[in-house]
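Under my numbering, think of the first position of the sequence shown as 1, with each following residue one higher. Single-structure report; data block below.
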Amino acid sequence: MGALDWEVSALGFGAMRLPVKNSWNNIDEAKAGEMLRYAIDHGVNYVDTAWSYHDGSSEVFLGKVLKNGYREKVKLVTKSPVWLVDSCATFHSYFDNQLKKLDTEYLDVYLFHGLNNEKWEKVKRLHLLNEMDALKSDGKIQHIGFSFHGSLETFKKIIDAYHWDVTMIQFNYLDTDFQATVNGLDYAWSKNIAVVIMEPLRGGKLSQSSTEIDAILQQASIKRTPTEWALRFVWNHPGVATVLSGMGNFEQVKENIGYASESGPESLISSELMIIDRLKEAYNKKLKVLCTNCQYCMPCPEGVDIPENFNLINHAAWEGEVHAWMKKWYDELDDPSISTDWHGKGKASQCISCGECLDKCPQKIDIPSELEEVRRIFEEGKEILLNP
Numbered sequence: 001m002g003a004l005d006w007e008v009s010a011l012g013f014g015a016m017r018l019p020v021k022n023s024w025n026n027i028d029e030a031k032a033g034e035m036l037r038y039a040i041d042h043g044v045n046y047v048d049t050a051w052s053y054h055d056g057s058s059e060v061f062l063g064k065v066l067k068n069g070y071r072e073k074v075k076l077v078t079k080s081p082v083w084l085v086d087s088c089a090t091f092h093s094y095f096d097n098q099l100k101k102l103d104t105e106y107l108d109v110y111l112f113h114g115l116n117n118e119k120w121e122k123v124k125r126l127h128l129l130n131e132m133d134a135l136k137s138d139g140k141i142q143h144i145g146f147s148f149h150g151s152l153e154t155f156k157k158i159i160d161a162y163h164w165d166v167t168m169i170q171f172n173y174l175d176t177d178f179q180a181t182v183n184g185l186d187y188a189w190s191k192n193i194a195v196v197i198m199e200p201l202r203g204g205k206l207s208q209s210s211t212e213i214d215a216i217l218q219q220a221s222i223k224r225t226p227t228e229w230a231l232r233f234v235w236n237h238p239g240v241a242t243v244l245s246g247m248g249n250f251e252q253v254k255e256n257i258g259y260a261s262e263s264g265p266e267s268l269i270s271s272e273l274m275i276i277d278r279l280k281e282a283y284n285k286k287l288k289v290l291c292t293n294c295q296y297c298m299p300c301p302e303g304v305d306i307p308e309n310f311n312l313i314n315h316a317a318w319e320g321e322v323h324a325w326m327k328k329w330y331d332e333l334d335d336p337s338i339s340t341d342w343h344g345k346g347k348a349s350q351c352i353s354c355g356e357c358l359d360k361c362p363q364k365i366d367i368p369s370e371l372e373e374v375r376r377i378f379e380e381g382k383e384i385l386l387n388p
C-alpha cells in the first residue's frame with residue numbers, strides 16, 4: 001500500500017452500488033450487510049464510501065454494519081465532498097457529520113472527493129490541506145489522499161503538491177488513456193503513493209457479454225468470464241494497491257474474491273494481453289454513452305433519471321436496435337401508473353438543457369446532448385449510430 005505500513009487486500013469493497021429495495025437511497029441492509037461481512041470474513045480489508053453514495057445512505061449503512069469487531073478488521077475510507085465545502089468551518093462540519101454517520105472515532109483514510117483542476121484550486125484557496133493535517137494531528141484520520149477525475153496534467157500537478165498517502169483513480173482497459181491514464185498510475189507509484197482503483201469494470205459495462213465477446217473469449221487458452229479478464233488487467237499493473245468493486249449482489253462478492261485470490265502483478269502473458277486488446281476494441285464499438293452509473297449527476301431538477309436513460313441507450317446500442325421491450329422500458333419512465341423497483345423514473349424528454357449536471361459528471365459527458373439523442377432514438381425512431 002505505497003508507503004503505508006500495512007497490507008491491503010487485492011480487492012476492496014466499494015459501497016456505492018449496494019443492493020437496494022425500491023430507490024437509490026433505500027439500501028437493502030440485510031443483503032448488503034451479509035455481502036460485506038462475508039467479504040471481510042474472506043480477507044477484504046479495505047472499505048470505501050463517500051458522503052454522496054446512495055444519496056447519503058451509504059455511510060449510515062456502514063456505521064450500522066461494521067459492528068461486533070468488523071470495524072477493527074478493515075481500513076475505513078470516506079471522502080470530503082469538496083463541491084459542497086465553502087469554508088474551513090463547513091469542511092469540519094461535513095467531517096464531523098461523517099464520523100457520526102459511520103459511528104467511528106477515526107478514519108483510516110480521508111480523501112478529497114473527485115479532484116480536478118477547479119476543485120484543486122478550491123482546496124488551495126480554502127487552505128483545506130491545513131485542515132486535513134490538523135485532523136491527522138488530532139488522530140481523527142490516519143492518512144490523507146484524494147480521488148481524481150481530471151486530466152493527466154492536473155493529476156501530476158496535484159501529486160507533486162503534497163506528501164499524499166493515497167490516491168484513487170479511474171482505471172480499466174478502456175481507460176488507459178483517459179483521466180489520470182496509465183502514465184498517472186505509474187507516476188503516483190513512482191512516488192510511493194498507494195494507488196486505489198475505481199471503475200475497474202466501467203460501471204459494469206465490462207462484465208457484459210455478446211456473441212462477439214464470447215467468440216473472442218473462446219479463442220483464449222484460459223477460460224475466464226469478461227469480469228475476470230477486466231479485473232485481472234487492472235491487477236496486472238504493479239502500481240495498483242487495491243481494486244474497488246461496487247458489488248451489487250452476493251454472487252459478485254464471491255466471484256470477485258475468487259478472482260482476487262488468483263490475481264497478481266505482471267502475471268498476464270502476451271497472448272492474454274492480446275485477448276484484452278481485442279475485447280477493448282469490441283467493447284468500444286458497442287458503447288454509445290460512456291456513463292458509469294456513478295449517480296453524481298443526480299438528482300436532476302427536472303426529474304430526469306439520467307443514468308437510467310443512458311443505461312437504456314447502451315442496451316440498445318449493444319443490441320444494434322431498439323427492441324420492443326426497450327421501448328416499453330423507456331415509456332415506463334414517465335408512466336405514474338406503473339410502479340417498479342427495477343428501473344428509475346424520468347424520460348430524456350424532460351430535460352430542459354439547464355446544464356446543472358455538466359460540472360458534476362466525472363466522465364465529462366455532454367449530458368443534455370446525449371439525452372436529446374436518447375429522446376430522438378426512442379421517441380422519433382432515429383437510427384442508432386455506433387462509435388466508429
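Here a beta-carbon is modelled for each residue, glycine too, at the ideal position from N, C-alpha and C.
| Item | Value |
| --- | --- |
| Decide if P301 is buried, meaning its Cβ has at least 16 other Cβ atoms within 10 Å, or exposed. | exposed |
| Report the three-state DSSP secondary structure of T181 (helix, strand or coil). | helix |
| Please report the distance separating the alpha-carbon of P307 from that of F61. | 23 Å |
| Starting from the C-beta of N293, find all residues in its chain whose C-beta is less than 6 Å away, skip the five residues before and the five after it, and write them out in chain order. | G203, P307 |
| Buried or exposed: which applies to L273, given that a residue is buried once 16 or more other Cβ atoms fall within 10 Å of its Cβ? | exposed |
| Check each candidate in R125, F250, V166, L152 and name the one with the smallest Cα separation from A3. | V166 |
| Expressed to the nearest angstrom, what Euclidean distance is found between the alpha-carbon atoms of W189 and N68? | 35 Å |
| What are the boundary residues of the beta strand (DSSP E) that Y110 is part of? | 107-115 |
| Which of helix, strand or coil does DSSP assign to T225? | coil |
| Pair every Cβ in the region 157-171 with every Cβ in the region 204-212, then say whether three or more of these pairs are closer than 8 Å. | no |
| First and last residue of the alpha helix (DSSP H) that includes L152? | 152-160 |
| Report the three-state DSSP secondary structure of T340 (helix, strand or coil). | With a pLDDT of only 49 at T340, under the threshold of 50, the placement of this residue in the model should not be trusted; the figure read from the coordinates follows. Coil at T340, not helix or strand. |
| Does DSSP put P368 in a helix, in a strand, or in coil? | helix |
| Considering just the uninterrupted stretch of the beta strand (DSSP E) at Y296, what are its terminal residues? | First-last for Y296: undefined, no H or E at that position. |
| Determine which residues share a DSSP beta bridge with G14 and list them. | D48 |
| Let me confirm a value: E153 is counted as buried when at least 16 other C-beta atoms fall within 10 Å, else exposed. Which label applies? | exposed |
| I'd like the ranges of any alpha helix (DSSP H) spanning at least 4 consecutive residues and lying wholly in the region 81-110. | 88-102 |
| Taking 7 Å as the threshold (C-beta atoms), are A317 and M326 in contact? | no |
| Excluding the 5 residues flanking P238 on each side, which residues of the same chain have their C-beta closer than 8 Å to its C-beta? | W189, P265, E266 |
| I think L201 touches N172, with their Cβ atoms under 8 Å apart; what is that distance to the nearest whole Å? | 7 Å |
| Which stretch, first to last residue, makes up the alpha helix (DSSP H) that contains Q252? | 250-261 |
| Which residues in the same chain as P226 place their Cβ atom closer than 8 Å to its Cβ, once the five residues preceding and following it in sequence are excluded? | L206, S207, Q208, S209, I213, L217, L279 |
| Is there contact here, the region 49-57 with the region 23-34, by at least three beta-carbon pairs under 8 Å? | yes |
| Hey, would you say I169 sits closer than 7 Å to F146, going by beta carbons? | no |
| What's the gap between the Cα of G320 and the Cα of S369? | 20 Å |
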